[in-house]
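Participant: Dumping the structure here so I can ask a few things about it.
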Amino acid sequence: MVDEEQGGGYDVLEQEGEEEEDEEEKVLLEQEEEQVLVPCPLMEENLKEGLSLLCKTGNGLAHAYVKFEAKEKHLTDISLLQCYIHLRYVDLSENKLQDLSPLSSLTHLLWLKVDGNLLTSACMQELPYLQIISFAHNRIKDMEGITHPRLANLSLKGNKIKTALGLSQGQLFSLHILELRGNKLESTAGLNLPKLKNLYLAQNAISSLEGLEGLGQLTTLHLRDNQLETLDGFCSTMKCLQYLNLRSNGISSLQEVAKLQALPMLRALVLLDNPCSDEADYRMEVLVLLPHLERLDKEFFEEDERAEANKIRQQRQEEEQEMEGSADGDVTE
1 MVDEEQGGGY DVLEQEGEEE EDEEEKVLLE QEEEQVLVPC PLMEENLKEG LSLLCKTGNG
61 LAHAYVKFEA KEKHLTDISL LQCYIHLRYV DLSENKLQDL SPLSSLTHLL WLKVDGNLLT
121 SACMQELPYL QIISFAHNRI KDMEGITHPR LANLSLKGNK IKTALGLSQG QLFSLHILEL
181 RGNKLESTAG LNLPKLKNLY LAQNAISSLE GLEGLGQLTT LHLRDNQLET LDGFCSTMKC
241 LQYLNLRSNG ISSLQEVAKL QALPMLRALV LLDNPCSDEA DYRMEVLVLL PHLERLDKEF
301 FEEDERAEAN KIRQQRQEEE QEMEGSADGD VTE
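Position 144, counted from 1, in the sequence shown is what full-length UniProt numbering calls 144; the numbers after and before it change by one each time, with no gaps.
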């Protein structure tokens, strides 16, 4: 009971912390609105400093720089970049950018990093070869307008996204890694990405698991620090899921853990800091429910634990069969 009370206290503190955070956010936004951005366009001298990696161009008859880096330069305008059509790798982190439209002419772009800017949208013109993008720590509120067909790795960590329903599922054919940690998601609805392998959703406000049935290739799912109380939503079509992190949620009953029997390949599970992890014989009970599990909360199961779990499971199955048999006999009489 003490732990539950502590957990309740933690929830209250967390809520108060969130309220304080929201207030701080409002104050910061007001301050930023008052401080009009000082225009700081990308100039030729900055551009020359940031160019590197000389490579052959597409026709093989000429050479051009294909990498550009301009971090922490207070940039507000990158219009100059639209002429450098051979760029493949661009890092514009820690600037003051609000508009990425000049990048639409960079059709050879493979890798883009724009962390720590003032972007409110991830929407960009479709770039045919773009494979990796990081929009971490901006002010992005939705996932609309991300349509790059070869995109394999997308990070939107530390933004203000409340829903994934705007995600262009039909166009993200190659997305394998999606990082959404530290946003404001309340549900997993909209994350139906058939090629996705790694999904990071820690530090959100997720209370319901929806639309997971299409994640047939997912192997890793992080849901740490959310608000899950039930585990409805996991299903047998998630046939590749091997690692599931549910640390610091509100799962109070091991009956909820039984719902993970729907995951045929689950091998590693983290349930630390959930109320159910305080139950008597918690570790053994989880193994009884999930016989294929190899690791719980960072510790591998020993052979003797596995043997004991098998014995308990068998006893319970026999008891259930006896009860069913006696119930059938009562009906016959």
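Here a beta-carbon is modelled for each residue, glycine too, at the ideal position from N, C-alpha and C.
Since this is a predicted model, take the numbers as computed values, not measurements.
Figure out for me which residue from Lys239, Cys240, Met238, Val257 has the closest Cα to the Cα of arginine 247.
Facilitator: Start at 1 with the first residue of the sequence shown, and residue 247 comes out as number 247. The shortest C-alpha separation from arginine 247 is found at Val257.
Participant: To the nearest angstrom, report how far apart glutamate 305 and lysine 298 are at their CA atoms.
Facilitator: In the sequence shown, residue 305 corresponds to position 305, counting from 1. In the sequence shown, residue 298 corresponds to position 298, counting from 1. Answer to the nearest angstrom: the Cα atoms are 15 Å apart.
Participant: Can you tell me the Cβ-Cβ gap for asparagine 153 and histidine 176, rounded? I've got them flagged as a contact below 8 Å.
Facilitator: Here residue 153 refers to the residue found at position 153 when the sequence shown is read from its first residue. Here residue 176 refers to the residue found at position 176 when the sequence shown is read from its first residue. So it is a contact: roughly 7 Å between Cβ atoms.
Participant: What residue from Leu92, Leu218, Asn46, Leu228 has the CA that sits closest to tryptophan 111's CA?
Facilitator: Residue mapping note: residue 111 aligns to position 111 of the sequence shown, counting from 1. It is Leu92.
Participant: If you reduce the DSSP assignment to three classes, tell me which class valine 90 lands in.
Facilitator: Translated into positions along the sequence shown, residue 90 becomes position 90. Valine 90 falls in the strand class under three-state DSSP.
Participant: Output yes or no for whether 8 Å exceeds the beta carbon distance between glycine 158 and serine 121.
Facilitator: Walking along the sequence shown from the start, residue 158 turns up at place 158. Walking along the sequence shown from the start, residue 121 turns up at place 121. Contact: no.
Participant: By how many angstroms is the C-alpha of cysteine 276 removed from the C-alpha of valine 286?
Facilitator: Working through the sequence shown from its first residue, we reach residue 286 at position 286. Working through the sequence shown from its first residue, we reach residue 276 at position 276. For valine 286 and cysteine 276, the distance between alpha carbons rounds to 10 Å.
Participant: What does a CB cutoff of less than 6 Å around valine 273 pick up in its chain, not counting 5 residues either side in sequence?
Facilitator: Here residue 273 refers to the residue found at position 273 of the sequence shown. The amino acid occupying residue 273 in the given sequence is aspartate; valine does not appear at that position. Excluding positions up to five away in sequence, the list reads Arg247, Ser248.
Participant: Quick check for students: name the residue ranges of the beta strand (DSSP E) that lie wholly in the region 85-168, counting only runs of 3 or more.
Facilitator: Entirely contained in the region 85-168, the beta strand (DSSP E) runs reaching 3 residues are, in chain order, 89-91, 111-113, 132-134, 153-155.
Participant: In terms of alpha-carbon separation, which member of Ile132, Gly190, Glu179 lies closest to leucine 201?
Facilitator: By 1-based counting over the sequence shown, the position of residue 201 is 201. Of the candidates Ile132, Gly190, Glu179, the one whose C-alpha sits nearest the C-alpha of leucine 201 is Glu179.
Participant: Quick test of your reading: leucine 193 and leucine 172, contact by CB under 8 Å. State the CB separation rounded to the nearest angstrom.
Facilitator: Taking the sequence shown and counting its residues from 1, the one referred to as residue 193 is at position 193. Taking the sequence shown and counting its residues from 1, the one referred to as residue 172 is at position 172. 6 Å between Cβ atoms; contact.
Participant: Going by DSSP, name the residue or residues bridged to lysine 56.
Facilitator: In the sequence shown, residue 56 corresponds to position 56, counting from 1. Paired residues: His63.
Participant: So what's serine 252 in DSSP terms, helix, strand or just coil?
Facilitator: Looking up residue 252 in the sequence shown gives position 252. Looking at serine 252 - three-state DSSP - the assignment turns out to be coil, as it is neither helix nor strand.
Participant: Report the three-state DSSP secondary structure of alanine 268 (helix, strand or coil).
Facilitator: For the purposes of this step, residue 268 is taken as residue 268 along the sequence shown, with counting starting at 1. Strand.
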